[in-house]
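Heads up: the structure comes next, in structure tokens.
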Amino acid sequence: MADEPSYLLKLYAFEGLLRLQQIYQGLRPGNETFHVETVKRIANVSDAIGFLRTIEGLNRWSRKHIVLDCSTELAKDLVVSHVRDITLGKRTYHYLLSGLHP
Numbered sequence: 001m002a003d004e005p006s007y008l009l010k011l012y013a014f015e016g017l018l019r020l021q022q023i024y025q026g027l028r029p030g031n032e033t034f035h036v037e038t039v040k041r042i043a044n045v046s047d048a049i050g051f052l053r054t055i056e057g058l059n060r061w062s063r064k065h066i067v068l069d070c071s072t073e074l075a076k077d078l079v080v081s082h083v084r085d086i087t088l089g090k091r092t093y094h095y096l097l098s099g100l101h102p
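UniProt numbering applies: residue 1 is where the sequence shown begins, and numbers increase by one.
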């Protein structure tokens with residue numbers, strides 16, 4: 001479904017905005033597009049899950065591409081919490097783990 005909205009959300013805990021700036025600076029003109037819908041700094045799993053619930057409420061069935069730029073432990077805890085949360089969809093979320101560090 002090409003007309004279906006797709007969200008790219010970047011959730012970060014550390015220098016995520018600097019990495020995002022580096023990605024944009026590295027882009028070259030062409031046919032490829034790169035669109036970031038939302039960037040959110042998270043301090044813990046509760047922050048992230050609360051934010052995902054808000055996004056879920058806006059459009060439950062849209063694809064959501066989530067870039068997690070945080071510690072390995074926080075990323076693991078967030079994904080596990082998402083799977084356990086009965087209010088969040090499972091099929092429409094796609095995670096990319098970026099810049100994992102201890």
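From the three backbone atoms N, C-alpha and C, an ideal C-beta is built for every residue, glycine too.
Item	Value
Spatial neighbours of S98 in its chain, beta-carbon cut-off 8 Å, leaving aside the 5 residues before and after	R19, V67, L68 and D69
The segment 16-30 / the segment 44-55 touching (three or more Cβ pairs under 8 Å)	no
Per-residue DSSP class, three states only, for I49	helix
Bounding residues of the alpha helix (DSSP H) (the contiguous stretch that carries H82)	T72 to R84
Paired residues, beta bridge with residue 140 - DSSP	Residue 140 is absent from the model: the chain starts at 1 and stops at 102.
Own chain partners of V79 with C-beta closer than 7 Å, once the 5 adjacent residues on each side are dropped	Y95
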